[in-house]
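In what follows, a structure is listed as structure tokens, so that the remarks can point back to it.
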Amino acid sequence: MHTGKIIAMLNPKNCRFDIGSGGIPSLVSTDVAAALGMVPDGLGREILCRVWWPDGAKLTAHQLRELVDAKMRGEWARRESSMLDALLAVAQRGNRAQRTYSEAHAARWPRMVVREHEVPQLAPGYAKVRDAIITELASAGLCQACHGRGQVANDMRVSRTCKECSGEGHMRLSERSRADLCGFSWKTYREGWAGVYDWVFQACTDELHRAERLFQRALS
Numbered sequence: 001m002h003t004g005k006i007i008a009m010l011n012p013k014n015c016r017f018d019i020g021s022g023g024i025p026s027l028v029s030t031d032v033a034a035a036l037g038m039v040p041d042g043l044g045r046e047i048l049c050r051v052w053w054p055d056g057a058k059l060t061a062h063q064l065r066e067l068v069d070a071k072m073r074g075e076w077a078r079r080e081s082s083m084l085d086a087l088l089a090v091a092q093r094g095n096r097a098q099r100t101y102s103e104a105h106a107a108r109w110p111r112m113v114v115r116e117h118e119v120p121q122l123a124p125g126y127a128k129v130r131d132a133i134i135t136e137l138a139s140a141g142l143c144q145a146c147h148g149r150g151q152v153a154n155d156m157r158v159s160r161t162c163k164e165c166s167g168e169g170h171m172r173l174s175e176r177s178r179a180d181l182c183g184f185s186w187k188t189y190r191e192g193w194a195g196v197y198d199w200v201f202q203a204c205t206d207e208l209h210r211a212e213r214l215f216q217r218a219l220s
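Numbering (this note's numbering), first residue to last: 1 to 220.
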């Protein structure tokens, strides 16, 4: 059964008195809650809840934002470290290290920390990207080819990555739609934030799929 349908069992149910109990189902909400609890705490589980159990995710919305921020800070720091290494290489090897410098410079992200009243804060652009990515992941835009699974099976029941959504389970928004979702002009998004959005979205998607696999394994 699809992950979304299973986790939906945690949602409130209407009580009906016109039918019998029908026996004991093979899977009940307590089983789902237990399996979800066996998924390690972290970004993947928070995104899993945000996508498939939004009512439950409301309780930890702040935690999800912090986890995405931490993912962005880590990657920003890695790219800045690569830039410093490239500068040292140019100082030591001159023109022979020019390609290393060019690649590191092209991969840099916009400045992450700004100072407001002498207090370091996350640059507003990163918060916009973070919120837009969470919104896109949680949208109802499931891929129609794989129905959100990220994989499709042939007649021999051999699974492969869905070509329509590249295994993401969701249809990607267009670049202009992403720019609008972030609140950036098209020029600002294309020149400064498109690479950030792509990397963070893919990282969050990978974490989501990993959490889904762990959740399904816990149920089996």
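Idealized CB from N, CA, C, for every residue including glycine.
8 Å CB neighbourhood of residue i in its chain, flanking five on each side removed
{"i": "Arg108", "result": "Arg79, Glu80, Met83"}
{"i": "Glu164", "result": "Cys143, Gln144, Ala145, Cys146, Met171"}
{"i": "Ala106", "result": "none"}
{"i": "Thr60", "result": "Glu46, Cys49"}
{"i": "Gln151", "result": "Ser159, Arg160, Thr161, Cys162, Gly167"}
{"i": "Met9", "result": "Leu27, Val28, Ser29, Val32"}
{"i": "Ser177", "result": "none"}
{"i": "Val39", "result": "Arg45, Leu48, Ala211, Leu214, Phe215, Ala218"}
{"i": "Asn11", "result": "Trp53, Asp55"}
Beta-carbon proximity list for residue i, same chain, < 7 Å, skipping 5 on both sides
{"i": "Pro54", "result": "Ala138"}
{"i": "Gln63", "result": "Glu46"}
Buried or exposed (CB count within 10 angstroms, at least 16 for buried), residue i
{"i": "Ala145", "result": "exposed"}
{"i": "His170", "result": "buried"}
{"i": "Leu181", "result": "buried"}
{"i": "Arg149", "result": "buried"}
{"i": "Thr205", "result": "buried"}
{"i": "Ala86", "result": "buried"}
{"i": "Ala35", "result": "buried"}
{"i": "Val196", "result": "buried"}
{"i": "Ala70", "result": "exposed"}
{"i": "Arg50", "result": "buried"}
{"i": "Ala153", "result": "exposed"}
{"i": "Glu207", "result": "buried"}
{"i": "Glu136", "result": "buried"}
Euclidean distance between Cα positions of residue i and residue j
{"i": "His2", "j": "Phe215", "result": "11 Å"}
{"i": "Ala179", "j": "Thr188", "result": "8 Å"}
{"i": "Ala173", "j": "Asp31", "result": "For the sequence presented, residue 173 should be read as Leu rather than Ala. Approximately 35 Å, taken between the alpha carbons."}
{"i": "Val158", "j": "Ile7", "result": "25 Å"}
{"i": "Leu122", "j": "Val114", "result": "6 Å"}
{"i": "Trp186", "j": "Gln92", "result": "39 Å"}
{"i": "Lys58", "j": "Glu75", "result": "27 Å"}
{"i": "Leu219", "j": "Glu168", "result": "22 Å"}
{"i": "Asp155", "j": "Thr161", "result": "15 Å"}
{"i": "Gly37", "j": "Gly125", "result": "33 Å"}
{"i": "Ala194", "j": "Phe201", "result": "11 Å"}
{"i": "Gly56", "j": "Asn95", "result": "55 Å"}
{"i": "Trp199", "j": "Gly192", "result": "13 Å"}
{"i": "Arg190", "j": "Leu88", "result": "29 Å"}
{"i": "Arg99", "j": "Glu175", "result": "28 Å"}
Sequence-distant residues of the same chain with beta carbon closer than 6 Å to residue i, five excluded per side
{"i": "Gly4", "result": "Trp52"}
{"i": "Val90", "result": "Ala97, Tyr101"}
Closest by C-alpha distance to residue i, when choosing among the options
{"i": "Val68", "options": "Glu175, Ala194, Ile47, Cys162", "result": "Ile47"}
{"i": "Lys128", "options": "Gly183, Gly37, Lys58", "result": "Gly183"}
{"i": "Arg73", "options": "Gly167, Gln151, Glu191, Arg111", "result": "Arg111"}
{"i": "Ala203", "options": "Val28, Arg176, Ile134, Gly192", "result": "Ile134"}
{"i": "Arg65", "options": "Phe201, Val152, Asp131", "result": "Asp131"}
{"i": "Ala77", "options": "Ala104, Gly94, Ser29, Gly56", "result": "Ala104"}
Report task. Evaluate the contact criterion for the stretch 42-54 versus the stretch 209-217: three or more CB pairs, one atom per stretch, below 8 Å. Result -> yes
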